[in-house]
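Note that the sequence shown covers residues -31 to -1, 1 to 616 in mature numbering (1 follows the signal peptide of the UniProt record, and there is no 0). Think of the CB as a built atom: it goes at the ideal place given N, C-alpha and C, for glycine as much as any other residue. The structure presented is a predicted model; accordingly, all values stated were derived computationally and were not measured. To keep things clear, I will list the structure first and then write my remarks on it.
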Amino acid sequence: MRNMRNNTIVLLASWVVWCAIALVMAMPAGAQERETVRDRDDKLKGTVSESQLDAALQRGLPGRVMTPMPANAKATVEKSGGLRGAPARSVEMADIPQKTTTSSIPGLADGGRPLSGLTEDEYQALKRLVAMRAARGEVGTKPSTLALRGGVKAIVRPVQMTQITPNAATAHASFFYGQKENGLDPPDMGLATSENFVVQVVNASIAVYAKNGVLQAGFPKDADTFFGVAAGTFIFDPRAFYDWANHRFFVLMDTFTSGTAGGSLYFAISKTQDPRGGWWIYHFTPAGLGAGICGDFPTLGHDTTNWGTYATKGGIYIGVNLWTTSSDCGGASFSNNAVYLLPKDALYDGGGYGYWYFTGFNLGGVNMDTLQPVNVTDRADKPSTIFLMNTQNYNFGGGHCSSACNEMVLWGISGPTAGTVPDPHNPFAFLQGGNGPIVTSKVLTTLQNFTFPVNAAEPGCTTSGSPCVDTDYVFISGAVKYHAGEIFGSFNTAVASSPATTGPIWFDVHPSTDNNGQVTNAVIRQEDCFLCGGWANSGSAYYANLQPDQENNVVMIYNYSDNLTYPRSQLTSRRVTYGDSLMDGAGSYFNTGGTGFMSGRWGDYTATAPDFTIANRGLIWMSGEYATPSGWATIIGWTQYLNSDDQ
């Protein structure tokens, strides 16, 4: 009966197709074109009307604004205070059993996309609407004027990789295979590299590799077990770094609890430079989180500046978006943001600690989101200010920047200038009984407008919606890096091409401060929508992440797909002396990607990490994803600027 039904459907479908062909052939050419455009637009609009979509945006983003912010709008912070966190518990990595089962996300059918305030149908309807408008040139970033030079070269993976050791002759770039499909989409990842090991955290799995790609015995580990989260708790959105000055690994993760209105953060710190040994585990439920508040999409930064007593090793900085709900986190509406300042000294000993919190970072009274603290990765860099960056996103441009946005904010956190312990160069003076830190800012107008990114093409998908590749929002999703007075980052945007595509805008911001460490100015020294609209076959690039080396040569890893190419990871780079706002070509790719991948969920960020094992030869490590027939897998690679011909 089943085969007969299928055969009947095939015959009916064939009859319909032939009728349609005959009808089209009978039309005048102009009528055929008008019908094609109208059909395309009907598909893009979907089943959610524009008025319904507008109401949904108002429900999920009650603080949104429809018009551009006034030119004199100030970026300020609403509230701050000091609190204490509980001591850590000790865990031996060897005691955690090897992970043998896949993970699952209770109650989150779409794989746990960063919260949008919309249902899946509404979210896809907004993607379709923006795609339609961008194709008409009404919204979106203008296509790049740069031609695609030289194509994309393949990185040849050697049959046997060699251990990276001092004075060893190596290639310009190489990689090995990391973790693969584990039941969760997409593979959000944290990456940290030390003198001897590479730590890759993907979704709810932790793996440790030797630098030659050998997975260490007993890995990967289950993050749920490692952090000791309760049953029914979903752990996700990992971030990681390695502290090259103090020789510790740090891993941050977020949690939701199924069926409840709330969540918390967890972080872990290795006791030594060996991630296979002991760790300190902290359960962090800070100010801003709690009943009725879900923390989503945490961000992470750190430095090694000696700030003074109780903060001699530097600080750790965590940001999180706050969503209000009376039931499950999946139905929350965006309400606020928070940033936390934690001293490394107490944390590295596993003790209790004092910390400072800020909530209500806003532009002209409109709450912002996804504040990215900078990662100061070079041991020689000791900035006298804690910097953060963010773009307009959720509440701006009519909601999700679905019309247009064009502003970023640079924030600076410095020490108090008054009180019992006036120390403008110590934002941790509160640990000594002083006043809290001071926040200053500079609003930056980008050279190009940016808009809610559209779904990216892959073989077999259509612009009418999922399962095209999800490109999330215009927030800065990957880590932001600081080196030698420059701040590097990237975010996705829709490109006003036909059909509409997505591309990454990467930037280099130079901050200026006074003698008290307070921000006085900032300039966007470099900005580019990387090859936007210049790819063949409706290609899109997305989820770029930048890493500078000791000279400020920059490597950028990004994801790419088009009508003929399944999602894969690629890299490009630029010497510090190369033309301003230019990457040196499309770059290279790690592999060809898989076949048959149609998940749609992708991202939400790639990862990079510096390697200072050899003083005169800084490596840049990166971690990205690629499609496979069964879902996704990851690569872990490195590259370098060693010789004059490395371009």
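Which partner residues of residue 222 appear in the DSSP bridge assignment?
Its beta-bridge partners are 235.
For residue 600, which residues does DSSP report across the bridge?
597, per the DSSP bridge assignment.
Integer-rounded CB distance, given that residue 382 should sit under 8 Å from residue 406
For residue 406 against residue 382, the beta-carbon gap comes to about 5 Å, under 8 Å, which counts as contact.
Quick check on DSSP: helix, strand or coil for residue 314?
It is helical.
What does the alpha-carbon distance come out to for the pair residue 187 and residue 67?
Per the coordinates, the alpha-carbon of residue 187 lies some 5 Å from the alpha-carbon of residue 67.
If I measure Cβ to Cβ from residue 574 and keep anything under 7 Å in the same chain, skipping five residues before and after, which residues do I get?
Listed in chain order, the non-local C-beta contacts of residue 574 below 7 Å within the same chain comprise 157, 446, 447, 512, 514, local neighbours out to five positions each way being set aside.
With residue 28 as the anchor, note down where its alpha helix (DSSP H) starts and where it stops.
Counting along the chain, the alpha helix (DSSP H) containing residue 28 begins and ends at 19 to 29.
Give every residue of the same chain whose Cβ lies closer than 7 Å to the Cβ of residue 317, excluding the five residues on either side of it in the sequence, and list them in chain order.
Excluding positions up to five away in sequence, the list reads 215, 217, 238, 282.
Please check the pair residue 284 and residue 311, which I expect to be a contact at CB under 8 Å, by giving their CB distance rounded to whole angstroms.
Right, their Cβ atoms sit about 6 Å apart.
I need the straight-line Cα distance from residue -26 to residue 344, nearest angstrom please.
Model confidence at residue -26 stands at a pLDDT of 36, short of 50, so the residue's coordinates are unreliable and nothing is read from them.
What number of angstroms, rounded off, separates the C-alpha of residue 602 from the C-alpha of residue 175?
Cα to Cα, residue 602 sits roughly 14 Å from residue 175.
Mind checking whether residue 462 and residue 443 have CB atoms under 8 Å apart?
Yes, these two residues count as a Cβ contact at 8 Å.
Which partner residues of residue 54 appear in the DSSP bridge assignment?
BP columns for residue 54 point to 322.
Measure how close the beta-carbons of residue 611 and residue 586 come, nearest whole angstrom, since I'm counting them as under 8 Å.
Residue 586 and residue 611 do touch by the CB rule: their CB atoms are close to 6 Å apart, below 8 Å.
Residue 360 lies in the alpha helix (DSSP H); which residues open and close that run?
That residue, residue 360, is in no alpha helix (DSSP H); its beta strand (DSSP E) goes 355 to 360.
Identify, in the order they occur along the chain, each residue of the same chain with its Cβ nearer than 6 Å to the Cβ of residue 191, setting aside the five sequence neighbours on each side.
Close CB contacts of residue 191 within its chain, under the 6 Å cut and outside five residues either way in sequence, are with 68 (chain order).
Enumerate in chain order the residues of its own chain whose CB-to-CB distance from residue 149 is below 6 Å, with the five nearest sequence positions on each side excluded.
So the qualifying residues of the chain are 602.
Taking 8 Å as the threshold, find out whether the region 373 to 387 comes into contact with the region 241 to 254 through three or more Cβ pairs.
Touching, no.
State the DSSP-derived secondary structure class of residue 194, mapped to helix, strand or coil.
Reduced to three states, the DSSP call for residue 194 is helix.
Element boundaries [beta strand (DSSP E), containing residue 242]:
Premise fails: residue 242 is in no beta strand (DSSP E) and is neither H nor E.
Identify whether residue 263 lies in helix, strand or coil by the three-state DSSP scheme.
Note: residue 263 maps to strand in three-state DSSP.
Cβ neighbour criterion (16 or more within 10 Å) applied to residue 628:
Because the chain is modelled from -31 through 616, residue 628 falls outside the range shown and cannot be assessed.
For residue 618, which beta-bridge partners are listed by DSSP?
Examination of residue 618 is not possible in this model, given that the chain is present from -31 through 616 alone.
Within the continuous beta strand (DSSP E) that includes residue 412, where are the two ends?
Taken as a continuous stretch (DSSP letters only), the beta strand (DSSP E) holding residue 412 covers 407 to 419.
Cα-Cα separation between residue 613 and residue 294, rounded to whole angstroms:
Between residue 613 and residue 294, the C-alpha separation is close to 56 Å.
Tell me whether the region 264 to 275 and the region 286 to 306 touch, counting them as touching only if at least three CB pairs, one residue from each stretch, are closer than 8 Å.
The region 264 to 275 vs the region 286 to 306: in contact.
Collapsed DSSP secondary structure at residue 188 in the structure displayed:
Here residue 188 sits in coil by DSSP.
According to DSSP, simplified to helix, strand and coil, what is residue 139?
With a pLDDT of 48 at residue 139, under the threshold of 50, the modelled position of this residue cannot be trusted; read the value that follows with caution. In this structure, residue 139 counts as coil in the three-state DSSP scheme.
Leaving out the 5 sequence neighbours to the left and right, which residues in its chain are closer than 8 Å to residue 541 when beta-carbon positions are compared?
If the five residues before and after residue 541 are omitted, its C-beta is found closer than 8 Å to the C-beta atoms of 499, 524, 525, 527, 552, 553, 554, 555, 556, 557, all from its own chain and listed in chain order.
Where do the ends of the beta strand (DSSP E) carrying residue 531 lie?
From DSSP, the beta strand (DSSP E) with residue 531 extends over 523 to 531.
Taking 8 Å as the threshold (C-beta atoms), are residue 276 and residue 51 in contact?
Note that the C-beta distance between residue 51 and residue 276 is not below 8 Å.
Cutoff 7 Å; reference residue 58; Cβ partners in own chain excluding five residues on either side
Excluding sequence neighbours, residue 58 sits near 250.
Going by Cα to Cα distance, which pick from 404, 502, 300, 357 is closest to residue 104?
Comparing Cα positions, the closest option is 502.
Note down the Cα distance separating residue 538 from residue 599, rounded to an integer number of angstroms.
About 17 Å.
Please list the terminal residues of the continuous alpha helix (DSSP H) segment that includes residue 91.
Residue 91 -> alpha helix (DSSP H) spans 89 to 104.
Distance between residue 54 and residue 437 (C-alpha atoms, nearest Å)
Cα to Cα, residue 437 sits roughly 43 Å from residue 54.
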